[in-house]
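Every position in the sequence shown, counted from 1, becomes a number in the numbering used here once 11 is added. First up is the structure itself, then whatever we jot down about it.
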Amino acid sequence: MNAPIFRLFALFAVMFAVLVGFSSRWAVFGAQRLRENNNNSRVVLEEQQIKRGVIRAADGTVLAGSTSLSGKRYTRRYPTGKLFAQAVGFDSVQFGRSGLEKQYNDALTGRKEELSRVLDSIISKDRVGDNLQTTLDPKAQQVAFDALEGHKGAVVALDVKTGAVRVLAGTPSFDPADPGKKGTTTFNNATQGLYPPGSTFKTVTATAAIDSGKYQPDSKVSGKNGKVISGTVLNNFGGENFGDITLTDALTHSVNTVWAEVGVKLGRKTMQEYMDRFGFGQKPPMDYPRDQMSTSGPNRKGTILPMSSSRVDVGRTAIGQGLLLVTPLQMATVAQTIGNGGMRMEPRLVEKVIDPDGRTVETPLPKEAERVMSEESAAKLTTMMKSVVREGSGTAAALEGVEVAGKTGTAEINIAQGINDLWFIGFAGKDAVAVVIDHEKGQGGTVAAPIAKRVLQALGQ
12 MNAPIFRLFA LFAVMFAVLV GFSSRWAVFG AQRLRENNNN SRVVLEEQQI KRGVIRAADG
72 TVLAGSTSLS GKRYTRRYPT GKLFAQAVGF DSVQFGRSGL EKQYNDALTG RKEELSRVLD
132 SIISKDRVGD NLQTTLDPKA QQVAFDALEG HKGAVVALDV KTGAVRVLAG TPSFDPADPG
192 KKGTTTFNNA TQGLYPPGST FKTVTATAAI DSGKYQPDSK VSGKNGKVIS GTVLNNFGGE
252 NFGDITLTDA LTHSVNTVWA EVGVKLGRKT MQEYMDRFGF GQKPPMDYPR DQMSTSGPNR
312 KGTILPMSSS RVDVGRTAIG QGLLLVTPLQ MATVAQTIGN GGMRMEPRLV EKVIDPDGRT
372 VETPLPKEAE RVMSEESAAK LTTMMKSVVR EGSGTAAALE GVEVAGKTGT AEINIAQGIN
432 DLWFIGFAGK DAVAVVIDHE KGQGGTVAAP IAKRVLQALG Q
């Protein structure tokens, strides 16, 4: 072969190799990213031709299904409308996906390895997605949703032992069949909403105090009104003045000056340690889109600050004030952890994945996230929280036949107008619950606690 022909042959060989390499890069390494791109019209068209799997509640109630259209296309239908919209989310050609529709898209579309897809296309096998059975309880969800009507807020209920999400409700909600409707928000207050927790956070401070060994439930601290904390006077709710009282009484009557002093004496390092154990400062490890979950902690203009920051007032953080902002999911996890003997569980929404032939292909097992405190410490905290419901600010959450352990919270938003964020967290039997009502008059014990009671009753407590 003469030199010019050889050079021409070599040039064509190099160009062919580059073409093969470029194609392989997209076919092999970039295929997943290309398929997940919402702007890929081929993917959008292809997925319209897939019969997505059904999403069901724990009792089998259909939460999302598919309806056939002309031209072998399908569209999504949501029989329960707004009721489960925050958890289930939506699947839309125009607006993309959210919630479980997004998190479990691969399963719901029957996505397989490339070779399996090619074989299915050769034998003209229609692609059908797997089905999801969730942990959600329709009865309790309806009770929570009805209780939230006319309010802006959220309710989260978790199985104490497993972390299974029994209720995930937030208002305002939306129609998942029309997520782009004018005036609609798809923001999930249960997982994304950030609120000052008020006195519910005293359960975290109490955990740090008792589990660290620095205090006991019968340890006494002055409940004097008007204490100077971090250079500024701090008052008790309603200006109440107490003498030396036990930590149990201080939690029962929600004495700010006691818990602020305890937080200061525990110090920033200890408070940070126990906040970390509870999951503050990180996205919740839940089977839900990460971009639809917020991080709880001292928050300055969207940035989570460590307790070591000079901007963080440790005393006011210890009573749920200052820069501290939390999600209802995070506070439900606090209650779940104490109720589970100190073991924090990963919250989960899906009980199992079932293929179109009815075979269970995946059963997510309960996962322990972290031991936050000893069982002995958890038992002490439980006794203290039962006192809150038995004789303190949480009596409106009390149930007949079963003791409720809980803590109320009234986070002041506008003192002059009496506007607060109203909280209750607690647990009874196998269920833990967190309730928040945003920017309203009243107190956590009179507004949020009765809602928690109704939800716990619906869950069988």
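From the three backbone atoms N, C-alpha and C, an ideal C-beta is built for every residue, glycine too.
- With a threshold of 16 other beta carbon atoms within 10 Å, Phe289 meets it and is buried.
- The three-state reading of DSSP puts Leu334 in coil, since its state is none of H, G, I, E or B.
- The continuous alpha helix (DSSP H) containing Ala343 extends over residues 339 to 350.
- When C-beta atoms of the segment 98 to 109 are compared with those of the segment 172 to 189, three or more pairs fall below 8 Å, so the two segments count as touching.
- By the neighbour-count criterion, in which a residue is buried when 16 or more other Cβ atoms sit within 10 angstroms of its Cβ, Gly249 is exposed.
- Taking all protein chains in view, the Cβ of Asn425 is surrounded by fewer than 16 other Cβ atoms within 10 Å, so the residue is classified as exposed.
- Assigned with DSSP and collapsed to three states, Ile221 falls in helix.
- Judged by DSSP in its simplified three-state form, Tyr85 adopts strand.
- A straight line joining the alpha-carbon of Asn246 with that of Lys213 spans about 15 Å.
- Counting C-beta pairs with one atom in each stretch, the segment 308 to 328 and the segment 346 to 361 have fewer than three that are closer than 8 Å, which means they do not touch.
- Using a Cβ distance threshold of 7 Å, Thr348 and Val383 count as a contacting pair.
- Positions of the alpha helix (DSSP H) runs, each at least 4 residues long and wholly inside the segment 350 to 413, are given as 386 to 402 in order along the chain.
- Straight through space, the alpha carbons of Glu423 and Ala409 are spaced by roughly 25 Å.
- Separation of Ser241 and Val444 (C-alpha to C-alpha, rounded to the nearest whole angstrom) is 33 Å.
- Contact between the segment 303 to 323 and the segment 212 to 231 is not established, with fewer than three Cβ pairs separated by less than 8 Å.
- In the displayed model, Ala445 falls within a strand according to three-state DSSP.
- In the assembly as shown, Gly417 is a buried residue. Its beta-carbon has 16 or more other beta-carbons within 10 Å.
- By the Cβ-count criterion, Gly333 is buried, with 16 or more other Cβ atoms from all chains shown falling within 10 Å of its own Cβ.
- For Leu74, the enclosing beta strand (DSSP E) stretches over residues 73 to 80.
- In the DSSP assignment, Val232 forms a beta bridge with Ile256.
- Setting aside the 5 residues that flank it on each side, Thr197 is surrounded in the same chain by Ser109, Phe185, Pro190, each with a C-beta closer than 7 Å to its C-beta; the list follows chain order.
- Distance from the Cα of Glu381 is smallest, within the candidate group Met286, Pro183, Gly224, for Met286.
- Residue pairing by DSSP places Trp434 opposite Gly420, Val447 in a beta bridge.
- With respect to the 7 Å criterion, Val178 and Gln152 are classified as neighbours on the basis of their beta carbons.
- Sequence-distant Cβ neighbours of Gln227 in its own chain, meaning closer than 7 Å and more than five residues away, are Ile221.
- In this structure, Trp434 lies near Val447, with their beta-carbon atoms less than 7 Å apart.
- Taken through DSSP and simplified to helix, strand or coil, Asn142 comes out as strand.
- The beta carbon of Ala407 is closer than 7 Å to those of Gly456, Thr457, Ala460, Pro461, Lys464 in its chain, skipping five residues each way along the sequence.
- Counting C-beta atoms within 10 angstroms of its own C-beta, Glu362 has 16 or more neighbours from the protein chains shown and is therefore classed as buried.
- Distance from Ser307 to Thr338 at the Cβ level is roughly 5 Å; contact confirmed, criterion being Cβ atoms closer than 8 Å.
- The residue from Asp170, Ser77, Gly107, Gly161 with its alpha-carbon nearest to that of Gly140 is Ser77.
- Following the DSSP letters along the chain, one finds Asp170 inside the beta strand (DSSP E) bounded by residues 164 to 170.
- Excluding residues up to 5 positions away in sequence, Gln97, Ala165, Asn199, Asn200, Ala201 lie with their Cβ nearer than 6 Å to the Cβ of Gly181 in the same chain.
- Secondary structure at Ala175: strand, using DSSP grouped into helix, strand and coil.
- Rounded to whole angstroms, the gap between the alpha carbons of Asp368 and Asp157 is 36 Å.
- In the structure shown, Thr202 adopts coil according to DSSP, grouped into three states.
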